[in-house]
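Under mature numbering (1 follows the signal peptide of the UniProt record, and there is no 0), read the sequence shown as residues -15 to -1, 1 to 555, first letter to last.
All residues carry an ideal CB built from backbone N, CA and C; glycine is no exception.
All of these numbers come straight from a predicted model, not from anything done at the bench.
Have a look at the structure below, then the notes.
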Amino acid sequence: MKALLILVLAQFCSSLVPEREKDPEYWRRQAQETLRNALQLQRLNQNVAKNLILFLGDGMGVSTVTAARILKGQMQRGQGEESLLEMDKFPFVALAKTYNTNAQVPDSAGTATAYLCGVKANEGTLGVSAGVTRDRCNTTKGQEVTSILRWAKDAGKAVGIVTTTRVTHATPSAAYAHSANRDWYSDGEMPPDALEGGCKDIARQLVENIPNRVIMGGGRKYMYPKNVSDVEYPHEEKHRGTRLDRRNLVQAWREAKPPGKVAEYVWHRRGLLALNLSRVDFLLGLFEPGDMVYELDRNNETDPSLSEMVSVAIRMLQKNPRGFFLLVEGGRIDHGHHEGKAKQALHEAVELDRAIGVATRLTSTQDTLSVVTADHSHVFTFGGYTPRGNPIFGLAPMQSDVDRKPFTSILYGNGPGYKIVAGERENVSAVDFAHADYQAQSAVPLRQETHGGEDVAVFARGPMAHLLHGVHEQNYIPHAMAYAACIGSNRGHCNAAARPAIPLLLPFLGLLFPPLLKCLLQITEGDLFLNYPPFSFFCGQQHPGKRRENRETQRSKSSRRWFGAGKLPL
């Protein structure tokens, strides 16, 4: 009987193979096209990154990326596996080790400190070194660390944050706050000893620490005095303000802006999309009292999508001639997984990918470095020998050979989906496992599913993207991005090589004979001049660090040409 089942399953799976894929030439052509694209990467993009965009999928481990790819393809009426996410098109891929200094399996605060501030930290702490103990306000002073958002701001760039969580949540707050506890959203969540010790709540730091050009997400209630009714849900007590200091931080945000600058606050999708961005200097959008609503449940009238917020943010930030840094978080991927609601989590991941596509269309790879990564993974998996094109939220094609019950392809290692009915595992064929809020079965019962500890993927495209190339500590990410943009600790390094003394004749040669001059400069050590106007107009602005590297390479090549060293073509 078992052999017959296997034979039937094999024949069924064979019938699902697209006709073109039965031809070996299809796969050979595809591989050759991939090879041609890979060979193009030999011409590295060594420009200075004017703009930086960091896309963070909270909880978006590799299994989530793969499942989201299949979901995206099936939403487009394909089988799914052959689909491409926008992040799949990024040419450089690395892995990041996610552990916190005191945790093998990390939390989102310690990881955010790593990939934003460039140093690893203890779980539960934000924007501080590992010298800070969670909950202990008195360990914070002198242990603050700055983020790449601050480095970009100090370099004259416009900066912004877009998230689907509350703007005071772990990921966004590590960009601007220093806190011994990630949960100190407002002073209403802080213990008396922390308030007496002079520690500031995260919402207050959002307004006071860094003048972001753009802030969008949820979290209205942390900005208003305790018991103040919410503008959208005036009769719901859980959405009322939480602040004990009676401050209106939205008003404080407005008043902190320089005279003559236009600061707009919006809480509704229509208000956001109606803005004349050419007349707006600062934008604060808070669209929910807490986290924003899941994409599957989102009210299209009142709440913007992540991709809509990203579009507005980029168009706002692009007005700055010195470029920008933008942090984009698909934060509710994580929440969906914690609740065991894989359908919610994966649709959040697809929406993040849609936002990446929007950003790709609005920017250029010549001057914009885009990085996509996750803070950590989850104990989320899918398997069960499913056939090609199997609905990602569907059943595996077999029953358990232990309890003789069916099971879904998607499962969790632990979480709220552990259910026993009449002393046995629940029969999933008796429930609506395709429902948005269905909680996939888990092996261990927990009220909330946990993070996973494995490495996460890092996708990169644009200037100096090749610096993200192997297995890295997670805190390496902002250092690589900062190097590409000549900001932070790499600012002086880049400036030292960027503006050599130029003979007066060379600018005129650059205007009259740019191709000839470019060749002469690249043959000689004069490749430094390629960053000097007007040469950069014709040749592009090459990264100073790479210009030095090119000179070394040029000397090496010259030696090999003249002295015959080596046998490989140059």
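_Sub-9 Å separation of SER164 and ARG228 beta-carbons_ = no
*Counting only the same chain and skipping the five closest in sequence on each side, list residues whose C-beta sits under 7 Å from that of ALA160.*
LEU101, SER132, LEU134, ILE146, LEU312
*Count the CB pairs spanning the segment 194 to 203 and the segment 264 to 275 that are closer than 8 Å, and state whether there are at least three.*
yes
*asked:* Between VAL265, SER290, TYR207, which has its C-alpha nearest VAL255's C-alpha?
replied: Note that residue 255 corresponds to Arg in the displayed sequence, not to Val. Checked all of VAL265, SER290, TYR207; the closest Cα to ARG255 is SER290.
*Answer yes or no: do GLY226 and LYS211 have a C-beta to C-beta separation smaller than 9 Å?*
yes
*Between LYS138 and the rest of its own chain, which residues show a CB-CB distance below 7 Å, the 5 nearest in sequence each way excluded?*
VAL144, ILE195
*Take ALA330 and list the residues in its own chain whose beta-carbon comes closer than 6 Å to its own, dropping the five residues that flank it on each side.*
Result list for ALA330: ILE318, GLY321, HIS322, in chain order.
*Is the Cβ-Cβ distance between LEU431 and TYR461 less than 9 Å?*
no
*When burial is assigned at 16 or more other CB atoms within 10 Å of the CB, is ALA381 buried or exposed?*
buried
*Which of helix, strand or coil does DSSP assign to LYS185?*
In this structure, LYS185 counts as coil in the three-state DSSP scheme.
_SER521 - DSSP class collapsed to helix/strand/coil_ = The pLDDT assigned to SER521 is 44, lower than 50, so where the model puts this residue is not dependable; a value taken from the coordinates is nonetheless given after this. It is helical.
*Roughly how many whole angstroms lie between the Cα atoms of LEU258 and VAL387?*
55 Å
_Close-in-space but distant-in-sequence residues of the same chain around VAL213 (CB under 7 Å, 5 per side omitted)_ = Closer than 7 Å at Cβ, skipping near neighbours: ARG225, GLY226.
*Can you give the beta carbon distance from ASP360 to THR124, rounded, assuming they're within the 8 Å contact cut?*
At roughly 23 Å, the Cβ-Cβ gap does not stay under 8 Å, so ASP360 and THR124 are not in contact.
*Element boundaries [beta strand (DSSP E), containing LYS82]*: 77 to 82
*Sort VAL104, ASP215, MET72, ARG151 by Cα distance to ASP276 and report the nearest one.*
Comparing Cα positions, the closest option is ARG151.
*Hey, quick one: how far does the beta strand (DSSP E) through MET201 stretch, first residue to last?*
Where MET201 is concerned, the enclosing beta strand (DSSP E) stretches over 199 to 203.
*Can you check whether the CB of LYS223 is closer than 9 Å to the CB of PRO274?*
yes
_On the DSSP letters alone, give me the boundaries of the beta strand (DSSP E) that VAL356 sits inside._
353 to 359
_Pair within 9 Å by beta-carbon distance, SER355 and ILE377_ = ILE377 is positioned such that its CB atom lies no closer than 9 Å to that of SER355.
*Return the bridge partner residues of SER164 from the DSSP annotation.*
LEU111
*Whose C-beta lies closer than 6 Å to the C-beta of HIS464 among residues of the same chain, with five residues either side of it excluded?*
GLY103
*Keeping to the same chain, check which residues put their C-beta closer than 7 Å to that of ALA94; ignore five residues upstream and five downstream.*
GLU108, GLY109, THR110, LEU111, ALA155, ALA159, ARG167
*Would you identify the three-state DSSP class for GLY473, choosing helix, strand or coil?*
helix
*Can you give the Cα-Cα distance for ARG546 and GLN31, rounded to whole angstroms?*
Per-residue confidence for ARG546 stands at a pLDDT of 29, beneath the threshold of 50, marking its modelled position as unreliable; no derived number is given.
*asked:* Suppose the cutoff is 7 Å on Cβ atoms and the five residues either side in sequence are ignored; what does the same chain contact list for PHE493 look like?
replied: Summary for PHE493: the model assigns pLDDT 49, below 50, so the residue's position carries little reliability, and this model does not support an answer.
*Would you kindly check if the distance between the Cβ of VAL335 and the Cβ of LYS57 is under 9 Å?*
yes
_Here's the rule I'm using: 16 or more other beta-carbon atoms within 10 Å means buried, otherwise exposed. How should GLU371 be labelled?_
It is worth fixing the name first, because residue 371 is Thr in this sequence and not Glu. Classification of THR371: buried, given that the 10 Å Cβ count is 16 or more.
*Hey, how far is the Cα of TYR209 from the Cα of LEU70?*
Their backbone Cα atoms lie some 39 Å apart in a straight line.
*For the candidate residues HIS420, HIS436, SER68, HIS220, whose alpha-carbon lies nearest to that of HIS363?*
HIS436
*For GLY437, which residues does DSSP report across the bridge?*
Its beta-bridge partners are SER362.
*Would you identify the three-state DSSP class for ASP512, choosing helix, strand or coil?*
Model confidence at ASP512 stands at a pLDDT of 41, short of 50, so the residue's coordinates are unreliable and nothing is read from them.
*Verify the contact flag: THR96, CB atom, against every heavy atom of the ligand MN, threshold strictly below 8 Å.*
Here there are no bound small molecules, and the ligand MN is not part of this structure.
*What residue from HIS332, THR393, MET301, ALA470 has the CA that sits closest to ALA421's CA?*
Checked all of HIS332, THR393, MET301, ALA470; the closest Cα to ALA421 is HIS332.
*Please name the residue or residues paired with THR345 in a DSSP beta bridge.*
For THR345, DSSP records no beta bridge to any residue.
*Would you grab the beta carbon distance between THR358 and SER48 for me? Rounded to a whole angstrom, and I think it's under 8 Å.*
Not a contact, Cβ separation roughly 15 Å.
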